[in-house]
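Numbering-wise (the working numbering), the sequence shown opens with residue 2 and increments by one.
Below is one structure; the comments refer to it alone.
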Amino acid sequence: MALNSNRSYGFETLSLHAGQETADSATGARAVPIYQTTSYVFDSPEHAANLFALKQFGNIYTRIMNPTQDAFERRIAALEGGVGALATASGQAAETLAILNIAGSGDEVVSSASLYGGTYNLFHYTLPKLGITVRFVDSRDPENFRAAINDRTRVVYAETVGNPRLDTLDISAVANIAHEYGVPLMVDNTLPTPYLMQPLKHGADIVVHSTTKFIGGHGTAIGGAIVDSGKFDWTNGRFPSFV
2 MALNSNRSYG FETLSLHAGQ ETADSATGAR AVPIYQTTSY VFDSPEHAAN LFALKQFGNI
62 YTRIMNPTQD AFERRIAALE GGVGALATAS GQAAETLAIL NIAGSGDEVV SSASLYGGTY
122 NLFHYTLPKL GITVRFVDSR DPENFRAAIN DRTRVVYAET VGNPRLDTLD ISAVANIAHE
182 YGVPLMVDNT LPTPYLMQPL KHGADIVVHS TTKFIGGHGT AIGGAIVDSG KFDWTNGRFP
242 SFV
């Protein structure tokens, strides 16, 4: 089926069809083809130059863009209610890529202390080696985030449902606090998935996933995703590299 942009579709329909609104243009295939290619043919040197300069949208190199990944990214973005998504090799890759594009040496992250073990290790051991300080707080009281934010804070991070403690985050309250100080709220939505919770609708700015878990569903593939709400003001002065 082809999705009509003027209609609103249910979660199940988006799960099946978002990202591939029409059949494959080359073959008519209903299922998304798996494009097993590292690189792509350019029409001309000018075409290649425009693609690499991001003046024109299109496929450049599979590490950056692939039609199969594109269908997945658009589907995840639709399910989360975001404007766009990026597929990564793992959930840890999603977190690392998202954090390092926001924070650098001398910056700080305020994070819930209730975290998946791999995330805690990333925040506690790896990020400090890159000059990024992480301040851990008890996420059960949103005011703890406020107390830890300072002028070096670049992002607030938490999990929708803490793994493994299973404590739930007051997303709206924490998002409001983060926005008071001009920083985004990044939420790991791995455990509930967008089927049970859509953090962007409650004020979060970025969602990350380990798609290895419930989104993958079968324990056969490792993956991750980053979803952007498209609503955060990156021009507020805290993020000069974004403007």
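Heads up, the beta-carbon is just placed ideally off N, CA and C, and yes, glycines get one too.
About 4 Å separates the CB atoms of A78 and A86; that is less than 8 Å, so the two are in contact. The straight-line gap separating the alpha-carbon atoms of A30 and S242 is approximately 41 Å.
Given a length threshold of 4 residues, each whole run of the alpha helix (DSSP H) inside the region 105-177 is given here in chain order: 118-122 and 144-149. In this structure, G82 sits near L201, with a CB-CB distance shorter than 7 Å. According to DSSP, residue pairing for L87 in a beta bridge involves I227.
A176 places its beta carbon less than 7 Å from that of L186. Burial check for Q37: the Cβ neighbour count within 10 Å stays below 16, so the residue is exposed. The Cβ atoms of Y196 and N164 lie no closer than 7 Å to each other.
At the C-beta level, S112 and F124 come within 7 Å of one another. If you draw a straight line from the Cα of V135 to the Cα of G238, it comes to about 21 Å. H180 has no beta-bridge partner at all, per DSSP. Counting along the chain, no beta strand (DSSP E) covers I65, and no H or E run does either. Contact between A49 and I223 does not hold, since their C-beta atoms are separated by about 32 Å, which reaches or exceeds 8 Å. Going by DSSP, L186 is part of the beta strand (DSSP E) stretching over L186 to D189. As computed with DSSP, I207 is found in a beta bridge with M187 and D229.
By the neighbour-count definition (other C-beta atoms within 10 Å, threshold 16), G225 is a buried residue. Collapsing the DSSP output to three states places S45 in coil.
Boundaries of the alpha helix (DSSP H) around T14: F12 to H18. For S242, the three-state secondary structure derived from DSSP is helix. Our two residues, V157 and R64, have alpha carbons roughly 28 Å apart in a direct line. Under DSSP, S40 shares a beta bridge with Y62.
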